[in-house]
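S.K.: Below is the structure I would like to discuss, written out as structure tokens.
There are 2 protein chains.
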Amino acid sequence: MKKYKIVYEKYKKDILEGFLLNHQALPSIRESCQLLKVSQTTVEHAYNKLVMEGYITNKPQIGYFVDIDEERIQLHKQIDQYQIHHEVLSYTYDFRSQTVSQDSFEMKVWKRYLKDVLDNMANMSTYGDSQGEYVLREALCQYAYNVRGVLCHPDQILIGSNYQSLLFILCGLFEKGTIIGMEYQKNSQAKRVFESYGYQIEMIKMNNDGIDMNDLRKHDIDVLYINSASQGLKRKPISHQLKNDLLSYTQEKNIFIIEDDYNGELTYASKDRYALQGFSHNDNVIYCGSFSRLLLPSLRISYLVFNKHYYQIYQQLKKQYGPTASKLEQLAFAQYIVDGYLQKHLKKLKKEYREKNKYMLKAIQKYIPYPYYLDEAYLCYHIQLDHINESQLMQECQKQHIAINSIHHHILSISFASLQLSEIENAIILLSQIIKKSSR
Amino acid sequence: MKKYKIVYEKYKKDILEGFLLNHQALPSIRESCQLLKVSQTTVEHAYNKLVMEGYITNKPQIGYFVDIDEERIQLHKQIDQYQIHHEVLSYTYDFRSQTVSQDSFEMKVWKRYLKDVLDNMANMSTYGDSQGEYVLREALCQYAYNVRGVLCHPDQILIGSNYQSLLFILCGLFEKGTIIGMEYQKNSQAKRVFESYGYQIEMIKMNNDGIDMNDLRKHDIDVLYINSASQGLKRKPISHQLKNDLLSYTQEKNIFIIEDDYNGELTYASKDRYALQGFSHNDNVIYCGSFSRLLLPSLRISYLVFNKHYYQIYQQLKKQYGPTASKLEQLAFAQYIVDGYLQKHLKKLKKEYREKNKYMLKAIQKYIPYPYYLDEAYLCYHIQLDHINESQLMQECQKQHIAINSIHHHILSISFASLQLSEIENAIILLSQIIKKSSR
Numbered sequence: 072m073k074k075y076k077i078v079y080e081k082y083k084k085d086i087l088e089g090f091l092l093n094h095q096a097l098p099s100i101r102e103s104c105q106l107l108k109v110s111q112t113t114v115e116h117a118y119n120k121l122v123m124e125g126y127i128t129n130k131p132q133i134g135y136f137v138d139i140d141e142e143r144i145q146l147h148k149q150i151d152q153y154q155i156h157h158e159v160l161s162y163t164y165d166f167r168s169q170t171v172s173q174d175s176f177e178m179k180v181w182k183r184y185l186k187d188v189l190d191n192m193a194n195m196s197t198y199g200d201s202q203g204e205y206v207l208r209e210a211l212c213q214y215a216y217n218v219r220g221v222l223c224h225p226d227q228i229l230i231g232s233n234y235q236s237l238l239f240i241l242c243g244l245f246e247k248g249t250i251i252g253m254e255y256q257k258n259s260q261a262k263r264v265f266e267s268y269g270y271q272i273e274m275i276k277m278n279n280d281g282i283d284m285n286d287l288r289k290h291d292i293d294v295l296y297i298n299s300a301s302q303g304l305k306r307k308p309i310s311h312q313l314k315n316d317l318l319s320y321t322q323e324k325n326i327f328i329i330e331d332d333y334n335g336e337l338t339y340a341s342k343d344r345y346a347l348q349g350f351s352h353n354d355n356v357i358y359c360g361s362f363s364r365l366l367l368p369s370l371r372i373s374y375l376v377f378n379k380h381y382y383q384i385y386q387q388l389k390k391q392y393g394p395t396a397s398k399l400e401q402l403a404f405a406q407y408i409v410d411g412y413l414q415k416h417l418k419k420l421k422k423e424y425r426e427k428n429k430y431m432l433k434a435i436q437k438y439i440p441y442p443y444y445l446d447e448a449y450l451c452y453h454i455q456l457d458h459i460n461e462s463q464l465m466q467e468c469q470k471q472h473i474a475i476n477s478i479h480h481h482i483l484s485i486s487f488a489s490l491q492l493s494e495i496e497n498a499i500i501l502l503s504q505i506i507k508k509s510s511r
Numbered sequence: 072m073k074k075y076k077i078v079y080e081k082y083k084k085d086i087l088e089g090f091l092l093n094h095q096a097l098p099s100i101r102e103s104c105q106l107l108k109v110s111q112t113t114v115e116h117a118y119n120k121l122v123m124e125g126y127i128t129n130k131p132q133i134g135y136f137v138d139i140d141e142e143r144i145q146l147h148k149q150i151d152q153y154q155i156h157h158e159v160l161s162y163t164y165d166f167r168s169q170t171v172s173q174d175s176f177e178m179k180v181w182k183r184y185l186k187d188v189l190d191n192m193a194n195m196s197t198y199g200d201s202q203g204e205y206v207l208r209e210a211l212c213q214y215a216y217n218v219r220g221v222l223c224h225p226d227q228i229l230i231g232s233n234y235q236s237l238l239f240i241l242c243g244l245f246e247k248g249t250i251i252g253m254e255y256q257k258n259s260q261a262k263r264v265f266e267s268y269g270y271q272i273e274m275i276k277m278n279n280d281g282i283d284m285n286d287l288r289k290h291d292i293d294v295l296y297i298n299s300a301s302q303g304l305k306r307k308p309i310s311h312q313l314k315n316d317l318l319s320y321t322q323e324k325n326i327f328i329i330e331d332d333y334n335g336e337l338t339y340a341s342k343d344r345y346a347l348q349g350f351s352h353n354d355n356v357i358y359c360g361s362f363s364r365l366l367l368p369s370l371r372i373s374y375l376v377f378n379k380h381y382y383q384i385y386q387q388l389k390k391q392y393g394p395t396a397s398k399l400e401q402l403a404f405a406q407y408i409v410d411g412y413l414q415k416h417l418k419k420l421k422k423e424y425r426e427k428n429k430y431m432l433k434a435i436q437k438y439i440p441y442p443y444y445l446d447e448a449y450l451c452y453h454i455q456l457d458h459i460n461e462s463q464l465m466q467e468c469q470k471q472h473i474a475i476n477s478i479h480h481h482i483l484s485i486s487f488a489s490l491q492l493s494e495i496e497n498a499i500i501l502l503s504q505i506i507k508k509s510s511r
């Protein structure tokens, strides 16, 4: 250790351990030299470091004094002793909705694409385009057209690391006093953004099929936020009829639609359908898509398609935004799409989830005697448990190493996304026993 | 091609090429069967697809009609013909400030860390913690303490894909009517966030050293935004005196400070200094750090350290936020830090930039007879060019394959970050000739 460091460590320790108290004077530089048998420069160096780090203060012409209070001493001690640890829980069955099928994704292929990008140092050592890499915008433009019927130009696409950061940018372009209509959703990320901006939120009633048009007509709103693949009390994909009704009503009233098309392309129980955006003759739909469920949840890439109006506003401010999504992942993903892997993988996923859903439905019908419905986009069943001791259910699940989401309004949501086909029945049997045990 | 697809493609083409006009009736299903010699199911399948994609509409009991206007036809055609292309410009010398040294980063090491994470499929197939991966928060807590003197607990850290998305979250927690003070900055990402929220922005005057304390006292603000490594008219790191003045004034007036510590640790021309955060006895500083300049600009990881007040508010809303930074990059980065590579790399970078800065300074003094000053954090020199035809300068640079940022207020900013040591002199000579040519 260098000499000044020894001096520094000595006084630091003295302060942290309470030998030198707050406001107490330190030995003068000359005294320290004699005391510790070191040069003046060494002591000065050490004292300066202590000043810089906020342990002591220098009163010119007077001397050095301890300048740190008890709380900060505790903080210093805590961080110094801080041990890096990380607890990972493992579960027998995982019914939580934030997981995906682990074996469906060809990691090998994805790694190859990442590697190709990493091998090109020039790509990695420059900032990305704040709107998203152009190659990825081109690829997404084609993909969204083919798979979702979205009509747009790559210039209209904004890529972000997640759907919420895109909404933060979009909603910052809205006028003050914007009124936003949406279905009731607890803890929704979209709602958080609207609330952050202080926009007035009107909750629109819903029926089994989706938004209630009659109730919608009663609200005076500027923007309507909808989740087009998971609508209404039964979380169904939006029907053709409702789609037309919404588009003609919003066109007439000059309302913008934010279409959250979360997992819209991942159909395995219902028929394929296109997004609203492509049907809007009035260009009043802003479309959002994401890939966390199609590829890897850990991959943070979402995109938003501006309509012309907001595209123009964004374009003027573009320089004031920074890129959010990883350039590495963006470039790898662009080539992955261009080479056709995304559509291939989507096809594979649909088949896999169609099977899993069949097994799941059968098992629920057989073992769980409660009303249920499928939320296709979220890959889960919502089960209405009315006479259940919820906290007992949660505890019992934990005891048996079963991971579930928390229960809201007596509804238990169980996802089959990450369960193996062969374990679905056993998982449901075990869950049904826990439910029985927790019945009141 | 499947039979229904042939029928579908035929009518789609007829519509897009104008053989079937808007509102015109299609042949009935029976007529199409006879016309095209296919089964009724095949025609129905094709017609349904055309309805779904918004080309035709079905009037029950009457028939199918074209339902698409000219603008949408053009859009369909455009996207169908869309060619994926990507133009990459190459430059002889790149003076733009968004680049970094290409050879300083050990890509091999970084790839190894990425690979380790990718090999653990369980990590990749689950969503991340919306606050950021805990292991990375732990590692950053230690790093920020060691390198920046930041005092915090991992729970106080919020990780995001960039500094702006963190600010979007933070500013959404502020009260309505918040007044924010900041130095004048054109196109700043922070300003964009404040403006998005409609917060009143007070521009605080600056002098050569940083914020003008006398002017600050004249403004009634709730939050002060400062860039602690690049302050004032001469973009200097904040002085010890100003640091103390700011902390005691903001403590007295109950003002929160947002400390943007962009590149604060990357000192190569000035002395090391600690961030404000660690000196705040009043816990009124929110700290932001980022790594785009330390590692790879393409790596999107930034972090924010809440003070206790905003940490508590955030904690209550945490469920309503989604993760923004790539989990892959977060986990790789955590281990990279824990293994000491970040601090090692920082040391290497400082040495490299110290050398480059020496060469750059010498060359500017020798060849460019205009006033200049160094912006250490942004790795660039600002040169005051008063009698220059700016558009001619820009054009001439382009002609000679020299990349520069645009000129603001007669100030040309040239970065040495991505120049090789050996090319600095020649680059400056070439630039000086262009400047001479563009003089008025």
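Here the protein sequences line up with chains A and R, keeping their order.
Reading the first sequence from the start, the letters are residues 72 to 511 in the working numbering.
Reading the second sequence from the start, the letters are residues 72 to 511 in the working numbering.
Idealized CB from N, CA, C, for every residue including glycine.
Taking just the CA atoms, how far does residue 455/R sit from residue 465/R?
M.R.: Position 394 of the second sequence holds residue 465/R. Position 384 of the second sequence holds residue 455/R. When rounded, the distance between both Cα atoms is 15 Å.
S.K.: Where residue 509/A and residue 459/A are concerned, what is the direct C-alpha to C-alpha distance, given to the nearest angstrom?
M.R.: Residue mapping note: residue 509/A aligns to position 438 of the first sequence, counting from 1. Residue mapping note: residue 459/A aligns to position 388 of the first sequence, counting from 1. One C-alpha to the other measures close to 6 Å.
S.K.: Under DSSP, the alpha helix (DSSP H) around residue 321/A begins and ends at which residues?
M.R.: Counted from its first residue, the first sequence places residue 321/A at position 250. That run of the alpha helix (DSSP H) goes 311-324.
S.K.: Can you name the residues that DSSP bridges to residue 359/A?
M.R.: If you number the first sequence from 1, residue 359/A lands on position 288. DSSP output for residue 359/A lists 331/A and 375/A as bridge partner(s).
S.K.: Does any CB atom of chain A fall closer than 7 Å to the CB of residue 233/R?
M.R.: Here residue 233/R refers to the residue found at position 162 of the second sequence. For residue 233/R, the answer is yes, since a Cβ of chain A falls inside 7 Å of its Cβ.
S.K.: Tell me, please, whether the CB atom of residue 146/R is closer than 7 Å to any CB atom in chain A?
M.R.: As a position in the second sequence, residue 146/R is number 75, starting the count at 1. At least one chain A Cβ lies under 7 Å of residue 146/R.
S.K.: Looking at residue 82/R and residue 113/R, is the spacing between their C-beta atoms short of 7 Å?
M.R.: Translated into the one-based positions of the second sequence, residue 113/R becomes position 42. Translated into the one-based positions of the second sequence, residue 82/R becomes position 11. The answer is no: Cβ separation not under 7 Å.
S.K.: Taking the continuous alpha helix (DSSP H) assigned at residue 266/A, which residues delimit it?
M.R.: Counting from one through the first sequence, the residue named residue 266/A turns up at place 195. Element bounds for residue 266/A: 260-267.
S.K.: Check whether the Cβ of residue 395/R lies closer than 7 Å to any Cβ atom in chain A.
M.R.: Position 324 of the second sequence, counted from the first residue, corresponds to residue 395/R. It does: the Cβ of residue 395/R has a partner Cβ on chain A nearer than 7 Å.
S.K.: Kindly say whether residue 137/A, judged by its beta-carbon, lies nearer than 7 Å to any beta-carbon of chain R.
M.R.: Walking along the first sequence from the start, residue 137/A turns up at place 66. No, no contact with chain R.
S.K.: Nearest-angstrom Cα distance between residue 280/R and residue 142/R?
M.R.: Stepping through the second sequence from its first residue, residue 280/R is reached at position 209. Stepping through the second sequence from its first residue, residue 142/R is reached at position 71. So the two alpha carbons sit approximately 57 Å from each other.
S.K.: Could you work out which residues of chain R lie near residue 345/A, taking near to mean beta carbons separated by less than 9 Å?
M.R.: Locating residue 345/A in the first sequence gives position 274, counting from the first residue. The contacting residues are 123, 124 and 125.
S.K.: What residues in the stretch 100-120 of chain R have a beta carbon less than 7 Å from any beta carbon of chain A?
M.R.: Within the stretch 100-120 of chain R, no residue qualifies.
S.K.: List the residues that DSSP assigns as beta-bridge partners of residue 274/R.
M.R.: On the second sequence, position 203 is the one that residue 274/R refers to. Bridge partners of residue 274/R: 253/R.
S.K.: Cβ atoms of residue 308/R and residue 341/R: under 7 Å apart, would you say?
M.R.: Along the second sequence, one-based indexing puts residue 341/R at 270. Along the second sequence, one-based indexing puts residue 308/R at 237. Yes, the Cβ-Cβ distance between residue 341/R and residue 308/R is below 7 Å.
S.K.: Please report the distance separating the alpha-carbon of residue 208/R from that of residue 232/R.
M.R.: Counting from 1 along the second sequence, the entry for residue 208/R is found at position 137. Counting from 1 along the second sequence, the entry for residue 232/R is found at position 161. The straight-line gap from Cα to Cα measures roughly 14 Å.
S.K.: Got a sec, what are the start and stop residues for the alpha helix (DSSP H) residue 217/R sits in?
M.R.: On the second sequence, position 146 is the one that residue 217/R refers to. Start and end: 205-219.
S.K.: Counting only C-beta atoms, is residue 246/A closer than 7 Å to chain R at any point?
M.R.: Looking up residue 246/A in the first sequence gives position 175. No - not a single Cβ of chain R is within 7 Å of the one on residue 246/A.
S.K.: For the ligand GDP, is there a heavy atom less than 6 Å away from the beta-carbon of residue 378/A?
M.R.: For the structure depicted, the ligand GDP is absent and the ligand set is empty, with no information on it obtainable.
S.K.: Looking at C-beta atoms only, is the number of pairs between the stretch 179-192 of chain A and the stretch 385-392 of chain A that lie closer than 8 Å three or more?
M.R.: No: the two stretches stay apart, fewer than three of their Cβ pairs being nearer than 8 Å.
S.K.: Check each residue of the stretch 385-413 of chain R: if its Cβ is closer than 8 Å to any Cβ of chain A, include it; give the result in chain order.
M.R.: Cβ contacts with chain A: 388, 390, 391, 392, 393, 394, 395, 396, 397, 398, 399, 400 and 409.
S.K.: Using DSSP's beta-bridge definition, name the partner residues of residue 485/A.
M.R.: By 1-based counting over the first sequence, the position of residue 485/A is 414. Answer is 452/A, bridged to residue 485/A.
S.K.: Just verifying my parser: in three-state terms, what is the DSSP assignment at residue 412/A?
M.R.: By 1-based counting over the first sequence, the position of residue 412/A is 341. In the structure shown, residue 412/A sits in a helix (DSSP, three-state: H, G or I).
S.K.: Would you list the one or two residues that DSSP bridges to residue 395/R?
M.R.: Position 324 of the second sequence, counted from the first residue, corresponds to residue 395/R. Answer is none; residue 395/R lacks a bridge partner.
S.K.: Interface residues of chain A around residue 258/R at Cβ under 7 Å?
M.R.: In the second sequence, residue 258/R corresponds to position 187, counting from 1. Ordered by position in chain A, the residues that pass the 7 Å Cβ test against residue 258/R are 390 and 391.
S.K.: Report the neighbours of residue 140/R on chain D: residues whose CB is nearer than 8 Å to its CB, in chain order.
M.R.: The chain labelled as chain D is not found among the protein chains of the depicted structure, namely A and R.
S.K.: Classify residue 446/A: buried if its beta carbon has 16 or more other beta carbons within 10 angstroms, exposed otherwise.
M.R.: Here residue 446/A is taken as the residue at index 375 of the first sequence, counted from 1. Per the 10 Å Cβ criterion, buried.
S.K.: Whether or not the stretch 344-363 of chain A and the stretch 219-228 of chain R are in contact is what I'm after, with contact meaning three or more pairs of Cβ atoms, one per stretch, closer than 8 Å; do they touch?
M.R.: The stretch 219-228 of chain R is not in contact with the stretch 344-363 of chain A.
S.K.: May I ask which residues mark the beginning and end of the beta strand (DSSP E) holding residue 129/A?
M.R.: To locate residue 129/A, count along the first sequence from 1; it is residue 58. First-last of the beta strand (DSSP E) with residue 129/A: 127-130.
S.K.: When DSSP labels each residue in this structure, what does residue 232/R get in the three-state scheme?
M.R.: The count along the second sequence starts at 1 and reaches residue 232/R at position 161. DSSP places residue 232/R in coil when its eight states are reduced to three.
S.K.: Any contact between the stretch 296-312 of chain A and the stretch 341-350 of chain A? By contact I mean 3 or more CB pairs, one from each, below 8 Å.
M.R.: Yes, they touch.
S.K.: Three or more C-beta pairs under 8 Å: does that hold for the stretch 411-422 of chain A against the stretch 197-208 of chain A?
M.R.: Contact fails: fewer than three Cβ-Cβ distances are below 8 Å.
S.K.: Answer yes or no: does any C-beta atom of chain R fall closer than 7 Å to that of residue 331/A?
M.R.: As a position in the first sequence, residue 331/A is number 260, starting the count at 1. No, because no Cβ of chain R sits closer than 7 Å to the Cβ of residue 331/A.
S.K.: Counting only beta-carbon separations shorter than 7 Å, does residue 239/A have a partner in chain R?
M.R.: The count along the first sequence starts at 1 and reaches residue 239/A at position 168. Chain R, which has a Cβ nearer than 7 Å to the Cβ of residue 239/A, makes this yes.
S.K.: Pull up the distance between the alpha-carbon of residue 126/R and that of residue 477/R, whole angstroms please.
M.R.: One-based indexing of the second sequence puts residue 126/R at position 55. One-based indexing of the second sequence puts residue 477/R at position 406. If I take the Cα positions, the gap works out to 46 Å.
S.K.: For residue 425/A, which residues in the same chain have their Cβ closer than 6 Å to its Cβ, ignoring the five residues on either side in sequence?
M.R.: Here residue 425/A corresponds to residue number 354 of the first sequence, with the count starting at 1. Excluding sequence neighbours, residue 425/A sits near 339.
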